[in-house]
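Trainee: What follows is a structure written as structure tokens; I'll ask about it next.
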DNA sequence: CTACCGCGTGTTTTT
DNA sequence: CACGCGGTAG
């Protein structure tokens, strides 16, 4: 390999070229983490002559895995990647596809997502008549997930329960695991939990994996849970060629079971580990970096580090105080429009970040009305849409007939006159006879189940029959899905509905078929099970199209690993960010919020904007927001002069549409389009942000480069197109 | 027994 | 404000 030393700084080189063995790389934000990981892999292959098949790289997200794959292909100059780059969860799924038998599972198991898992828990609470003691099913799921992260099995959990609440959860946990097995399904946590259990109990299998993967590389090590840590520890075995990369300051998944002590204790767990700190930041200017560093310095119990950059001082950070969320949205539009012009930036150079998905609503309003292209990443995911899950449920029961969850989901979708009561009858009948629900349905068509309208069930089983034949005859995936949509009557019912919503649903299921076709292309020998697995593990974060020129809007969590020339962090109000529930926040939670802020700030390359509102409607109730404490933790000398934008924008009367007939305003004639450049005698050049009223009363909101935002009557203003 | 309608409730972050 | 759940009508 040519001159590694020229392409890496000394620290990076040290990490890349260090001999196989335990290696911990503290990679500060923007310090070229992925670069080091990929070069290290290339180094192992090209310099050390290591067989690529013996290397396993594990990341946390599909996005990260994908990026690493692409960069490796380029670096190694190959067409196909000779090594595995997987997420923890997909690696776990692979192990289970191979060894499901040793834990008495069956082939073609299903993978249940969060909603389905919570659905199972709801069912358990109902069946067991458990008084949940004020615990919501989602909360129960959370506790069970944490238990699995810590490798605590159901019986162990129940036995060690002290509190009344824990005993209830223990009971539910036991039943939950039982039902998952009954349905031949795993939840997300099982994809780590069970492989570790298998390794624990089957040295021969563990030995196989250890021999197979002699060199491990783990990305985002600070986000690993106890179960993931154990998986790494198991695989590392005696040879201990483990490279882990992480940054304790970017640990933001504690609520999901990530255990920051994993990275802090690496040197203890792997004696003789080499530690390299990467502290040169290649992303941000000094101002941004100093501000972020000062902020994170408020956390205790972190490894101290000193990030530095040679990119120069750069712009100061701008804090904008807005009157309300609507004004916040318009402020973003305003700043963005100016900056885009003055610096010749693309829309895709901008990111708008927020703490909770709910905030995206008000933020996107301003973008929509001003015609600025944007994409919202995250929120409701494509594969979590109702219609997609419905169609996939059909596919799931064809592959795994034990999947009662999916059977239950679509037995009456679209409507075939089979209600809850009928389903309960069949479910009870099936349970007593140890049959799965689908088989129970077939019995019902033969009149074996009392009180069930056989013809209606028959309608359902006939569809399944037809589809089974197709899948058995090896129908290609995309056309199989098309058949499901057609034969199930799903398409017809959506067409009949003929609402705007049903139209988008139709579009979505068509997109699903396209996606399946694309999957077939990419993986020629693909089985439906593999497709289902990919679909279960993929997230919306992975569907970001890098080619479209649009502003990216996403949560701060979603932004990890990304970078943008311009970043807006919004909603910086005490209580919202840091997010505080019940007026209280535990110190460790506050520190995680602060790390989240740190992650957000360090996404910015050149410009960083921080906005907060004085007034915000949050939970149904309006409240007056104090500025976030994080704002006061940023040194003054990195901040621009305060920019206050308090012009009330939202005092125009809300139009009522609900009362009486719907009324549609005639499309008003407008003198200017939103986004148009205009010139004003006194204020100079500006951009039209919004238009209200028409004719005599037409009022435009204009952002002037000289004086900021103004509302003017067109009649009086004497505007000229610029 | 199913389908529809209205009321009430409740919102962190995600593999 | 949107969704889920529960009650009622058919």
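In my numbering, the protein residues as written are 379 to 1100.
Note that CB positions come from ideal geometry on N, CA and C, so glycine has one too.
(1) Are the beta-carbon atoms belonging to residue 932 and residue 755 less than 7 angstroms from one another?
(2) Is residue 573 buried or exposed, if buried means 16 or more other CB atoms sit within 10 Å of its CB?
(3) Going along the chain, which residues of its own chain have a beta-carbon closer than 7 angstroms to the beta-carbon of residue 529, five neighbours each way excluded?
(4) Tell me which residue opens and which closes the alpha helix (DSSP H) that residue 460 is part of.
(5) Could you compute how far the alpha carbon of residue 452 sits from the alpha carbon of residue 463?
(6) Out of curiosity, what's the CA-to-CA distance linking residue 416 and residue 631?
(7) Is residue 1110 buried or exposed, if buried means 16 or more other CB atoms sit within 10 Å of its CB?
(8) Taking DSSP as the reference, what is the three-state secondary structure of residue 422?
(9) Check each candidate in 542, 550 and 541 and name the one with the smallest Cα separation from residue 531.
(10) Using C-beta distances below 7 angstroms, list every residue in its chain close to residue 727, excluding the 5 sequence neighbours before and after it, in chain order.
(11) Going by DSSP, name the residue or residues bridged to residue 572.
(12) If residue 1101 and residue 1064 are in contact, beta carbons under 8 angstroms, what's the gap, nearest whole angstrom?
(13) Can you check DSSP and say which residues form a bridge with residue 1058?
(14) How long is the line joining the alpha carbons of residue 811 and residue 826, rounded to whole angstroms?
(15) Kindly give me the distance between the Cβ atoms of residue 465 and residue 438, rounded to whole angstroms, as I take these residues to be in contact under 8 angstroms.
(16) Round the Cβ separation of residue 620 and residue 614 to the nearest angstrom and send it over; I've been treating them as touching at under 8 angstroms.
(17) To the nearest angstrom, how far is it from the Cα of residue 870 to the Cα of residue 888?
(18) Is the stretch 755–773 in contact with the stretch 948–959, if contact means three or more CB pairs nearer than 8 angstroms?
(19) Since residue 796 contacts residue 834 with CB under 8 angstroms, what's their CB separation in whole angstroms?
(20) Under 7 angstroms, do residue 455 and residue 523 count as touching if we go by C-beta distance?
(21) Measure the CB-CB distance between residue 961 and residue 659 and report whether it falls below 7 angstroms.
(22) Quick one: what's residue 989 bridged to in DSSP?
(23) Quick one: Cα of residue 1097 to Cα of residue 720, how far?
(24) Mapping DSSP to helix, strand and coil, what is residue 1031?
(25) Which runs of the beta strand (DSSP E) spanning at least 3 residues fall entirely within the stretch 825–870, listed in chain order?
(26) Between the stretch 1004–1015 and the stretch 662–676, can you find at least three pairs of beta-carbon atoms closer than 8 angstroms?
(27) DSSP three-state label for residue 342, please.
(28) Going by C-alpha distance, which of 790, 816 and 855 is nearest residue 898?
(29) On a CA-only basis, which of 596, 472, 653 and 646 is nearest residue 587? Give me that one, please.
Mentor: Working from what's here:
(1) Result yes, Cβ atoms of residue 932 and residue 755 sit closer than 7 angstroms.
(2) With 16 or more other Cβ atoms from the protein chains shown falling within 10 Å of its own Cβ, residue 573 counts as buried.
(3) Answer for residue 529: 571, 574, 604, 605 and 608, listed in chain order.
(4) If you look at residue 460, you'll find it isn't in any alpha helix (DSSP H); DSSP assigns it neither H nor E.
(5) Residue 452 and residue 463 have their C-alpha atoms roughly 15 angstroms apart.
(6) Roughly 24 angstroms between the two C-alpha positions.
(7) An answer regarding residue 1110 cannot be provided, because it is not within the stretch 379 to 1100 covered by the chain.
(8) It is helical.
(9) If we check each option's Cα against that of residue 531, 550 comes out closest.
(10) Here the set comprises 942, 943 and 944.
(11) Beta-bridge pairing links residue 572 to no other residue.
(12) For residue 1101 there is no data in the structure shown, the boundaries of the chain being 379 and 1100.
(13) Under DSSP, the beta-bridge partners assigned to residue 1058 are 1062.
(14) In this structure, the straight-line span from the alpha carbon of residue 811 to that of residue 826 is close to 12 angstroms.
(15) About 6 angstroms separates the Cβ atoms of residue 465 and residue 438, confirming a contact at the 8 angstroms cut-off.
(16) So it is a contact: roughly 5 angstroms between Cβ atoms.
(17) Straight-line Cα distance between these residues: approximately 13 angstroms.
(18) Segments in contact, no.
(19) Confirmed, about 5 angstroms.
(20) The Cβ atoms of residue 455 and residue 523 lie no closer than 7 angstroms to each other.
(21) No, they are not a contact pair.
(22) Looking at the DSSP output, residue 989 bridges to 698.
(23) Cα-Cα distance, rounded: 22 angstroms.
(24) Confidence at residue 1031 is low in this model, with a pLDDT of 31, below 50, so the placement of that residue is unreliable and no value is reported for it.
(25) Correct list: empty.
(26) Contact holds between the stretch 662–676 and the stretch 1004–1015, because three or more Cβ pairs, one in each stretch, are under 8 angstroms apart.
(27) A question about residue 342 goes unanswered here, because the residues of the chain that appear run from 379 up to 1100.
(28) The shortest Cα separation from residue 898 among 790, 816 and 855 belongs to 855.
(29) Here the closest residue by C-alpha is 472.
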